[in-house]
Amino acid sequence: KILVIGSANTDMVIKTKHFPLPGETVLGGRFIMNPGGKGANQAIAAARLGGQITFITKIGNDIFGRQALQQFLKEGVNAGYVISDPDNPSGVALITVDEKGENAIVVAPGSNGTLSPEDVTKAEAVFAEAEIILMQLEIPLPTVLFAADLAARYSKKVILNPAPAALLPYELYRNLYIITPNRSEAEALTGVLIKDLATTEQAAQKLRQKGIANVVITLGTEGAFAYNDSLAKLIPATLVTAVDTTAAGDVFNGALAVSLAEGLELDVAVEFANQAAAISVTRMGAQASAPFRKELLSAPLK
Ligand code: ADP
């Protein structure tokens with residue numbers, strides 16, 4: 004069993020020739036609305052890969068929140084601890100994408116910003132049952148700290164995907180089992196500029212020194228670097244033709260949680276996560292691109 008605690012958003016995307024300048028209105032292409040948010044993306048990716056997922060998140064009392072809830076249920080995620088915020092709208096991201104594929108995004112966290120330690124406490128029974136707790140940083144940091152602390156009290160393994168990058172207090176690190184920054188997040192957390200294998204290892208080492216047993220730095224097309232006291236290894240990405248890398252990291256984290264919950268060793272778990280993320284980049288979308296378990300060639304046997 005896996006407990007995911009994090010954000011749910013609705014992504015509203017419009018393609019445009021060029022970004023509007025201040026005061027300018029531009030006509031864009033077709034409007035697309037997609038369910039998103041790192042928490043929801045990771046919960047759904049993990050569910051599709053066969054994980055038994057409970058998702059703690061906070062939605063607004065509005066159409067976006069109701070749609071998000073429907074999506075969790077459709078994907079087989081236990082939504083029994085999805086909380087409704089009567090005072091704030093659901094989280095939305097307004098995304099414009101220009102001709103070059105660059106994006107400009109404004110996120111209104113809405114109800115994600117009010118997910119509180121008290122909300123997490125209501126799900127304490129789930130902490131007792133879960134093997135893995137998976138979190139990101141799109142909810143208030145005090146809530147992440149509280150949940151990591153609660154997980155530690157139950158001796159549960161916490162995976163933190165430190166995205167978007169933020170400075171983390173010292174007390175958090177010792178409650179983490181794995182941290183999974185991407186390249187830029189690892190740089191932000193350590194101050195090490197990642198240029199090659201040596202600097203990747205240096206960054207991983209710095210994170211380990213903060214008290215985390217396992218570090219996994221994702222490196223896009225290069226794969227992921229796994230580091231603990233018996234492992235320092237670049238596990239190469241699966242070679243694919245990428246069409247949309249949105250949520251690659253989310254699928255990676257969801258998959259990592261599933262494979263670790265099944266008891267796989269870190270390097271095998273990372274291999275599985277690489278494969279799942281590689282499939283996702285060959286397809287458009289965030290949640291829509293997440294693969295199902297049967298699509299993975301060398302799925303863990305357990
Ligand atoms: P994020 O999406 O969070 O920025 P990365 O870019 O590091 O994170 O990607 C996460 C993981 O997704 C990588 O470790 C890798 O396994 C996979 N991945 C990303 N881009 C590609 C790609 N072009 N081809 C194959 N795998 C990819």
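According to the UniProt record's numbering, the sequence shown is numbered sequentially starting from 4. Where a beta carbon is used, it is the ideal one built from N, C-alpha and C, also for glycine.
Run of the alpha helix (DSSP H) containing residue i, from where it starts to where it stops
i	result
Gly68	Ile66 to Lys77
Asn115	Note, Asn115: premise wrong, no alpha helix (DSSP H); not H, not E.
Thr241	Counting along the chain, Thr241 falls outside any alpha helix (DSSP H), and DSSP gives it neither H nor E.
Asp270	Leu269 to Val284
Ala46	Lys41 to Arg51
Asn81	Segment: none, Asn81 is in no alpha helix (DSSP H) and carries neither H nor E.
Leu259	Ala251 to Ala264
Glu174	Tyr173 to Tyr176
Ile130	Note that residue 130 is Phe in the sequence shown, not Ile. Glu127 to Glu132 is the span of the alpha helix (DSSP H), which, as asked, contains Phe130.
Proximity winner among the options, relative to residue i (alpha-carbon distances)
i	options	result
Asp253	Gly39, His21, Ile17 and Phe22	Gly39
Ala82	Ala96, Ala46 and Thr146	Ala46
Thr60	Arg177, Arg69 and Ala155	Arg69
Ile56	Ser262, Lys198, His21 and Leu242	Ser262
Asp101	Gly63, Asn91 and Lys18	Lys18
Asn91	Ile108, Gly113, Leu97 and Gly223	Gly113
Ile8	Ser187, Gly257 and Lys236	Gly257
Val16	Thr249, Glu134 and Ala280	Thr249
Ala165	Ile5, Leu175 and Lys159	Sequence inspection shows Pro at residue 165; the Ala mentioned does not correspond to that position. Among Ile5, Leu175 and Lys159, the Cα nearest to that of Pro165 belongs to Leu175.
Ala251	Val80, Pro294 and Phe149	Pro294
Leu242	Val29, Val284, Ser292 and Ala272	Val284
Arg286	Phe255, Gly116, Ala260 and Val246	Val246
Asn44	Met36, Ala11, Phe34 and Arg33	Ala11
Asn185	Arg156, Glu225, Val147 and Leu144	Glu225
Thr203	Tyr173, Leu237 and Asp65	Leu237
Pro167	Phe275, Gln278, Ala281 and Leu192	Leu192
Val80	Ala50, Ile66, Ile62 and Ala96	Ala50
Glu105	Phe58, Lys125, Asn64 and Phe22	Phe22
Ala96	Ile66, Val109 and Ile162	Val109
Val29	Asn37, Lys20 and Met36	Lys20
Ala291	Ala48, Lys4 and Gly32	Ala48
Glu274	Gly266, Leu52 and Phe255	Phe255
Thr124	Lys77, Thr244, Arg156 and Ile35	Arg156
Met138	Asp122, Ser158 and Ile162	Ile162
Ala272	Thr244, Ile181 and Lys297	Ile181
Gln212	Gly266, Tyr173 and Pro89	Tyr173
Segment limits, beta strand (DSSP E) that includes residue i
i	result
Val85	Val85 to Asp88
Asn12	Asn12 to Lys18
Identified DSSP bridge partners for residue i
i	result
Phe58	Val7
Asn106	Val100
Tyr157	Partner(s): none; Tyr157 has no beta bridge.
Pro221	Just to set this straight, residue 221 is Thr in the shown sequence, not Pro. Thr221 is bridged to Asn185 and Ala227.
Leu30	Its beta-bridge partners do not exist; DSSP assigns none.
Ile162	Leu137 and Ile181
Leu234	Asn231
Asn91	DSSP, once it has assigned bridges, lists no residue as partnering Asn91.
Ile197	Its beta-bridge partners do not exist; DSSP assigns none.
Gly63	Asp88
Ile142	Paired residues: none, contrary to the question.
Met287	None; Met287 has no bridge partner.
Pro38	Thr13
Contact under 8 Å by Cβ, residue i with residue j
i	j	result
Ala111	Thr99	no
Val219	Ala227	yes
Glu188	Ile197	no
Asn178	Asp152	yes
Lys160	Ile135	yes
Leu234	Leu200	no
Leu6	Phe130	yes
Ile66	Ser87	no
Pro120	Phe149	yes
Ala126	Leu144	no
Ala207	Ala240	no
Leu259	Ala276	yes
Ala264	Gly54	yes
Residue i Cβ short of 7 Å to the ligand MG heavy atom set
i	result
Thr60	The ligand MG is absent from the structure shown, which contains only the ligand ADP.
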